[in-house]
Structures are given as structure tokens and as C-alpha cells.
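Chemist:
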Amino acid sequence: MSQLEIQPDSHGTDHGHDHDHPDHLGHHWENSKQQFEAGKLGMWLFLATEVLLFGGLFVAYSVWRGNHPEIFQYGSQFLDTFWGALNTGVLLVSSMTMAMAVTFAARGNRKGIVICLVLTLMGAAGFMVIKYIEYSHKFHEGFLPGFSFYEEPSASHLWLPLEQEHDQDVAHSTLETEAHNTAFAHETTARDEMPLPPPTAEPSVVPAAGTGPEGLTTNELALETAEFAVFLPPSVIGNLENQGPELDFAEHHEPGEEPHLPHPLQDPDRPPNAQKFFTIYFLMTGLHGIHVIIGGFVILWLLLLTLRGRFSRGYYTPVDLGGLYWHIVDVIWIFLFPLFYLI
Amino acid sequence: MTTLDTGQMQKPDLAPRDNYLTHTRGAWSWLFTLDHKRIGIMYLVCVLSAFFVAGIFALLVRTQLLTPEGTIMGQDDYNQAFTLHGAIMVFLVIIPSIPAALGNFVLPIMLGAKDVAFPRLNLFSFWLWVSGALFFVLALVSGGLDTGWTFYTPYSTDPNSAMGGMIPAVTGAFVLGFSSIFTGMNFIVTIHRLRPPGMTWFRMPLFLWGIYATAILQVMATPVLGITLALLAVERAFGIGIFNPELGGDPVLYQHFFWFYSHPAVYIMILPGMAIISDLIAVHSHRHIFGYKFIAYSSIAIALFSFLVWGHHMFTSGQSPLVNVIFSAITFSVAIPSAIKVFNWLATMYKGSISWNTPMLYAMGFIFIFTIGGLTGLHLGTLATDIHLHDTYFVVAHFHYVMMGSALIAMIGGLHHWWPKITGKMYNENWGRFAFALVFIGFNVTFFTQFMLGSQGMPRRYATYPADAGFQIYHVISSIGSYILAVGFFVTAGYLLQSMFGGRRAPANPWGGRSLEWQCSSPPPHDNFSETPTVGDCYDFSVLEWNEDEQGYVWRSDIPHPGEEEPGGH
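Residue numbers (the numbering used here), protein chains in the order written: chain A, 9 to 351; chain B, 258 to 827.
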């Protein structure tokens, strides 16, 4: 399809696709301007729903932070401001290139659009790569909340026969499968003979002999609960004193990594429910990451349309609307970055 | 060309012509149509099917409660029955019923437009509805659902209580939410950008004002439900402590999130009902609507207030007394715009020449039922009485008076009102009146007794009740009422379906309406209007007169049509 110049006053009074009714114009529109404005209004409404979608999470963040500031103070130590800042920079630059793409589109400069969209796409990809580095580091450390973090009743429901739900051993075995950063997970797994969730990761940290596991296996239940159920309500955490010598995780990290904080699982000073920080962190950045991926596909689609010559000075609505979407994704990150990394 | 655009075209045009039903043929042309009218019809069929299913669950619940020990179900089955009744009725039936089904059909025609602003989004929204419904079916077959339609934590997160259908059901509600959001976006943009020349905001039919207010709610409230349900699903799937107190979560936060959507959702259900009634009352009373601007503004006021009252669902959840008092006060203020509407409807009927058509009967039934439903809401908004009435059948009766007796009755009234336009056939008026009597009597017998049950302390959601508490007589009367109601709906379905095959051909304007949908033929042509029509005061009925040949209303021969002096587009 060749580029079409739009007559600003073209009237679609007859509903057919006659000469003054260009292909991109829906049959129910009078002219391109009306269609463009409607598209823009629709996009802004959609962005409002996006803000509200994230709004729920921001409210949850505020409520939790207001009630338990210590959790957030504690948890944010584990985030690396360098990667966060780098990602902020990447997104800001990609937002700029997106805005430039829209400007080029308005001028009808197809080459400019293509270059800027490719740059924006690279920004999106770069953001996700950095996010991957950050996430995989945290997965590796076992910070992912959920089944892999603490005893969780619905876990036993999902994996085990119903009648065994209240069986202490059952809950117990569920705990252990998730404790992949300790050595004795395998022993107890074998002992319990329960159907278990598929193994997620092999133990990443093997404690030195004599520092704990041996003592714990003799003392079984109470101690293991203390070891693994550290994120259970405070009543349970009272058992922490019984814990064996603290594991020195620093020794087991890759060389060159940043100063080592005690791993939350082994930190007696960790505030109760510390996992809530990681919960809200993964939820908010995860949902944002999904939006970045969607944005990436939108940009890719725009790129393909541009290469096919669909846009012209008279019609570049999709570029404009895609740009708006990309900007909102950027703006949301602008809020996430200080909320998690800085304050 | 439309029938009534010029004085010369008063003769009924009975020759078969191209209309939206015959424009193209084949299932494909329906399933992937971009025509708002066909999408509206598909919504209508689907919504009414879901209404049938949820109605069956309602009858099961009522039958169970005939005797104190229960008649047909165990506790668990009963929990599932009322949960599915509630969830299907709310998410699949009432919320999409008026905006998505009737609104889709009528709204663009009322605007003299050829379609909604984003026809593809409209179709997508319909298919989202279908996928949402499929998720509910999946929930049924994958273990059911017994949390109540609110998915309250900890029921929904507790593995001993929540069943296998939780995640599919929550996903379904999430998907349906987006269907609702896209419909709302579409309508807002359509009303903003596709109004015809001459139709200023205050010349719009009040139906459009109501749908506009609803659409704002759909767009602004539903995303919060989306994220809430997403969190619930994540919590249940991965065991992350968000709402479950055992994992450090906060169940009351769930209630806040849920009602932040679901209170506005109550107005998503009732505002379109009010919108329909405003037009029905005026058209069938043949009298200019009284207090147009007040009705229009009160729709917007209700929409705004609705965001500020969610806490009145949580008076007993332990929130602070100050918050309770504030929510209670704002809740009372919702009564003001609601009452403004009721008084304006009554004033419109005053000295009108009322036609006792079925739509008008439903409209008057609406006013009666909605007044009771609204006023009993004040009992529940009052802090002291709410402690007594909380979670009793009084609440059940109250919200059925509003959601079923008002919103659904309005939907059925609107269905009758626009039935000639949709199908091109007239239904049998006498059967219509008879069915209305059954529905009206059945409804009140069913639910008025529940006010008494509730005030005497019968809690909701119980499968059994003590035999010596004096509850049984009310339960039996209520169940009998529900059977009458069911018969009424079956009769309605019967004569409406019959009319499609044996009904008299409908004139363009059977009721004497002046909004634009009555200016195009019944059923409308594929493109609604070949040229954008000119708009006058859509509540000035003095320019219409009854035409015996046409069996409908036509433009008075002694008054020039506004479009005549300057026929647009030529």
C-alpha cells in the first residue's frame, strides 16, 4: 500500500470506500482527524486503567510500608541500586527515542521512524536483560517468595493427599523441599516418602561440615522449623535461638560480589515477615516487566508497519498511541525505582 | 434512507429490504462481525443463557431452604450453588446485560452513528466475555467454587476451604473485567467523538447519560478488581502471603480492594437500569422528561459517590469507628441523587398520557422496587442497625431488590422496549402484561419475605436453619415466590421467541419515541443511517402522531421535519 496523503476535510458522507475515504479510515468516521482524536482519547482511557491497575499495587505497597517500615528498610538492602539506576537510564533513553519516532512520523520521515523504533526496541530488550540479571541473582539467593520460601498451607494442599494435610511431617516435608540452599533437604526428602513438588534448583550453597546440618538432623523438628520457617509468624520464630551456628554465606558467594549481608534465612535480626518486601518487589517489578515485554511487541509491530509503509504524515496514529503506551511503562518505572531502590 | 426523514415517506415500507440481520449470512458473518448490532445480539443471547444457568442455581438454593434440614443438597453443594448463582449473575449477567447487550445495540444508533468508535475492540470485548464464561465452566469442572461471589480471603486462600475452581474462576472474573473495561472505553469515546451535529451533551437521550456514567465506572473501577484478583490468583498459585494472615498477609486489605471495585460495580449494574427507565417513562408517558439536567447530573453524582462508599461493606471488619462514620455519612448522600431520579420519573408521569405497554409496566415496577431497595439500603448504611442486619437475609433482600428487582427488571423492560427495533417484530402485548404480573408478584413474594427473615436474624449463606426459630414459613413463601418468578421468565421467553416467527411486523416507531433509533427502520439497516441525521429535542413528543396505516408513530404532517430545510450531506 502506498502512502496516502489525507485531505483534511475529506468527508465520508457515503459509507463506501470511495476516493476520499482512505483505507485506514473506518467506515464510521467522518474524517481522519475525528478518528485520530478518538484513538487518542481511547488510549488515554486505557492508560488510566493501567495506572489504576498498578494503583492497587502501589496502595498495597503504601499500606505495608506504613505498617511495617522495618521490613522495607531491611529488604531494600538486598537490591542493587546500580542495576536499578542503569535500568532507569535505559528506559529514559528509550522513551526519548520513542518520542523522536513520533516526531519523525509526524514529519513523514520513514527512515527516522525506523531508526528510533529500533533504538527503542533495543532499550526494551536491554531493560529486560538487566532485569534478568537482577532476578536470576535473587532467585539464586532464594529470595523468591512463595513455596520456595516458607511453610505454606496451600502448598501441601496442592502437592499432597488431602487427608494428610494436617500431618506435621507433611508440612515439614514441604518446607524442606523448598530449602534448596541447605544441604539436608535431600536426606529428609528421602525419609518422608511424600509426593513432592518437582525439584526447583539444586542446593546452591553447601554449608561447611559441622556448622549446622548434622546437629539439626538429630534434633529434627523444632530446629528445622526454626531453620526454614523463619518467615512464619513471630511465635514460631521464637525458636530461632536454638539454631546452630550462623552460616557464613559470604564464603560461598562468587568472588567479586558486593559486600555480603547475612542471608535472610540465617539473619536473626531479620524483621518478622521480611518476605513481604520481596513479595511486593517481585509483584510490582514483575507486572512492570510484563508491560515492558508487551511494549516491546507493540514497538516491533509498529516497526513492521513502518517498514511496510503504512504510515504517512496524514496517518501515524498507531505510532503516536504506541508511544503513549511506552511512556506510561516508563513513568511507572520512574515511580518503582525510588520506591524500592532508593528510599 | 430512513423512513421518517421526510414528510413524503410516511407510507409503511413493507417491502423486504436489506437490514442488519439479512446483510450477510452464515455463522462466520455473525461470530466475527464488526457490526455493533450483531455484537449486541450475541451478547444478549450469551447473557440470557448465563441468566438461565444462574437462575437454575437460584431455584436450587430456594428449594434447599424449603425445610429446616434442607431438601436436596449437603452443605458443600449448597455453598457451591449460592456461590455460582452469585458469581454468574454478577460477572456474567448483570454487569454486561444492559451496557454490553442493549447498550451495544442502541447506543450508536441513538447517536446517529454507523458504529461504536472501536468496532474491533468491541468484538474483542465480546470474545473476552466468552473466554471469561469458559473459565467459569472450567471452574465448575475443576472442583467448584464455594467462597461466595466475593472470593473473600481467607476462604479463597485457605486450602481447606477454597476448592479447585478458585484459580479458573478468579481468572474468569479477571477476563470479564477487561471485557467490561473495553466496552466502557468504547462507549466513552463513542459518546465523546461520534455525537451527531446538533446533539449537545444536554440534548443526549438520558439513556446515553446513564451509559456514560456507567462507562466511567467500568473504566475507573474494574482495573482495581483486575489487580486484586490477579494477586489472589498469584497468592493461591505460589503461596505468596498477600492476603492470607498465616503468611503475613492482610485479609482486610483484600476486602478494601474488592469493594473499591465492587461497590462501583453495584452502580455499574443499577445506573444503566436507571438510564433505561428514564427513557421508558418519558416515551410511554408521551410527556417531556421532567428535570432532564437533574437526572443527567444525578447519574454523574452517583458515579462519583460510588467511589467513596466502599467501606460500608466493612462496618464489622474492625476498621476504625471514625472511618465507619465517614463511610456511613457518604453512603447516605448516595440517596440524594437516587431520590432525585425517582421524583423526576414520578413528575414525568404526572399528567402524562400513559400507555400501559409492557415496557411501561416494567418501568413502573422498577420505580416501586427500586424505592424499596434504595430505602432499605439506608438501614444498612446506618451503623447501629447494620450491626444487627449484617450478613442476614435483610442484606440478601436489599441487594436483590436493587440488582435483580431494579437492574434486571429494567433490562427486561428495555428488552421489550427495543424488541421491535432489534427483531423487527411486535410481541404479544397481553402476554407481556401477564408475564410482567407474574414477575412482579413473584419477585416481591420471594424477596419481601427475606426482609422479615433477616430482621429476625436468619443469616445468609446457611444451608440449614433451626426448626423452632419460626424461619420456615418465610422460607417456604420465599421459595414459592421464586417459582412464580421462574414461570414469569419462562412465559416471557416463550412469547418473545414466538414473536420472532409469528409476530406482527414492527413499525419504525411503535411507541412514539423521538431518540434517533426510532428514526431508522425496524430492524435497522446495516449502516444504521445512510447520512448523519439531524437532532432535535429527543423528549419533545408533540411533533409525533399516531398513524393507523403504519401502526406506529410518524412525524406530524403539519410540522416541517428539522432535516427537511437543510437535508444534510447533499
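Beta carbons: idealized from backbone N, C-alpha and C, even for Gly. All figures in this text were calculated on a predicted structure; none of them were measured in a lab.
Does DSSP put B:D275 in a helix, in a strand, or in coil?
Modeler: If DSSP states are grouped into helix, strand and coil, B:D275 belongs with coil.
Chemist: Along chain A, in chain order, which residues have C-beta atoms closer than 7 Å to that of B:K294?
Modeler: Those within 7 Å of B:K294 in chain A number zero; the least Cβ separation is about 13 Å.
Chemist: Just the Cα atoms here: how many angstroms apart are A:T287 and B:L488?
Modeler: Going from the Cα of A:T287 to the Cα of B:L488 covers about 10 Å.
Chemist: Helix, strand or coil for B:N361, going by three-state DSSP, please let me know.
Modeler: Residue state, collapsed to three classes: helix.
Chemist: List the residues of chain A that B:L510 touches, going by C-beta distances under 7 Å, in chain order.
Modeler: By Cβ distance, chain A contributes A68, V71.
Chemist: Go to A:L308, then tell me how far its beta strand (DSSP E) extends in each direction, as first and last residue.
Modeler: A:L308 -> not in any beta strand (DSSP E); alpha helix (DSSP H) instead, spanning 283-315.
Chemist: Tell me which residue opens and which closes the alpha helix (DSSP H) that B:N336 is part of.
Modeler: That run of the alpha helix (DSSP H) goes 332-344.
Chemist: Given that A:L60 touches chain B, what residues does it touch there, using C-beta distances under 9 Å?
Modeler: Ordered by position in chain B, the residues that pass the 9 Å Cβ test against A:L60 are V476, M477, A478, T479, P480, V481, G483, I484.
Chemist: Cβ closer than 7 Å: which chain B residues qualify as neighbours of A:Q42?
Modeler: Chain B residues near A:Q42: R450.
Chemist: Would you mind working out which of B:F708, B:V744, B:D725 sits nearest B:R717, comparing C-alpha positions?
Modeler: Among B:F708, B:V744, B:D725, the Cα nearest to that of B:R717 is on B:F708.
Chemist: Can you name, in chain order, every residue of its own chain whose Cβ lies under 7 Å from the Cβ of B:I734, other than the five neighbours on each side?
Modeler: Cβ within range, chain order: V702, T706.
Chemist: Which residues of chain B have a Cβ atom closer than 7 Å to the Cβ of A:F54, listed in chain order?
Modeler: The contacting residues are M442.
Chemist: In the DSSP assignment, find the unbroken beta strand (DSSP E) run with B:L801 in it and report its ends.
Modeler: Residues 801-804.
Chemist: The region 117-140 of chain A: which residues have C-beta closer than 9 Å to a C-beta of chain B, in chain order?
Modeler: Residues: none.
Chemist: Looking only at its chain, what residues have a beta carbon closer than 6 Å to the beta carbon of A:T105, apart from the 5 residues adjacent to it on each side?
Modeler: Hits under 6 Å: C124, L127, T128.
Chemist: Please give me, in chain order, every unbroken run of the alpha helix (DSSP H) with length at least 4 that falls completely inside the region 612-694 of chain B.
Modeler: Listed in chain order, the complete alpha helix (DSSP H) runs (minimum 4 residues) inside the region 612-694 of chain B are 615-638, 640-646, 650-656, 666-680.
Chemist: For the alpha helix (DSSP H) that B:W406 lies in, which residues bound it at each end?
Modeler: Note, B:W406: premise wrong, no alpha helix (DSSP H); not H, not E.
Chemist: Taking only beta-carbon atoms, is B:A370 less than 8 Å away from chain A?
Modeler: Yes, because at least one Cβ of chain A sits closer than 8 Å to the Cβ of B:A370.
Chemist: Contact defined as beta carbons within less than 8 Å: I believe B:S519 pairs with B:G467. What is the distance between those atoms, to the nearest angstrom?
Modeler: With a Cβ gap of about 20 Å, B:S519 and B:G467 do not count as contacting.
Chemist: With a cut-off of 8 Å, does the C-beta of A:L33 fall near any C-beta of chain B?
Modeler: Chain B contact via Cβ: absent.
Chemist: For B:R377, count neighbouring C-beta atoms within 10 Å of its own C-beta (all shown protein chains included) and say buried if the count is 16 or more, exposed if not.
Modeler: Flag for B:R377 reads exposed.
Chemist: Let me know the alpha helix (DSSP H) ranges lying completely inside the region 286-322 of chain B, each 4 residues or longer, listed in chain order.
Modeler: Within the region 286-322 of chain B, the complete alpha helix (DSSP H) runs of at least 4 residues are 293-321.
Chemist: For B:G670, would you say it is in contact with chain A, using Cβ-to-Cβ distances shorter than 8 Å as the test?
Modeler: No, no contact with chain A.
Chemist: Is there a Cβ from chain B that is less than 8 Å from the Cβ of A:G63?
Modeler: So, interface residue.
Chemist: Can you name the residues of chain A whose CB is closer than 8 Å to the CB of B:I557?
Modeler: The premise fails here: B:I557 is roughly 17 Å from chain A at the closest Cβ pair, so nothing lies under 8 Å.
Chemist: Can you check which of these residues, B:I345, B:F408, B:D334, B:T471, is closest to B:L364 by C-alpha distance?
Modeler: Closest by alpha carbon: B:T471.
Chemist: With DSSP collapsed to three states, give me the class of B:W602.
Modeler: Note: B:W602 maps to helix in three-state DSSP.
Chemist: Taking the beta carbon of B:P454 as the centre, do at least 16 other beta carbons fall within 10 Å, making it buried, or is it exposed?
Modeler: Exposed, since its Cβ has fewer than 16 Cβ neighbours within 10 Å.
Chemist: Say whether the region 274-281 of chain B touches the region 782-797 of chain B, bearing in mind that this needs 3 or more beta-carbon pairs closer than 8 Å, one atom from each stretch.
Modeler: A contact exists between the region 274-281 of chain B and the region 782-797 of chain B.
Chemist: Using a C-beta cutoff of 8 Å, does B:V582 count as contacting chain A?
Modeler: So, not an interface residue.
Chemist: Have a look at B:S286 and B:I296 and give me their C-alpha separation to the nearest angstrom.
Modeler: One C-alpha to the other measures close to 11 Å.
Chemist: By Cβ distance, which residues of its chain are closer than 8 Å to B:Q576, with the 5 residues on each side in sequence left out?
Modeler: Result list for B:Q576: V509, G568, in chain order.
Chemist: Taking B:F375 as the query, report the chain A residues whose CB atoms sit under 7 Å from its CB, ordered along the chain.
Modeler: The contacting residues are G50.
Chemist: Applying the 10 Å Cβ sphere with the 16-neighbour rule, what's the burial state of A:N75?
Modeler: Exposed: under 16 other Cβ atoms inside 10 Å.
Chemist: Considering B:G809, what are the terminal residues of the alpha helix (DSSP H) in which it resides?
Modeler: No alpha helix (DSSP H) contains B:G809, which is instead part of the beta strand (DSSP E) from 809-812.
Chemist: Pull up the CB-CB distance for B:M477 and A:L60, whole angstroms please, since I reckon it's below 8 Å.
Modeler: Between A:L60 and B:M477 the Cβ distance is about 6 Å, and since that is below 8 Å, they are a contact.
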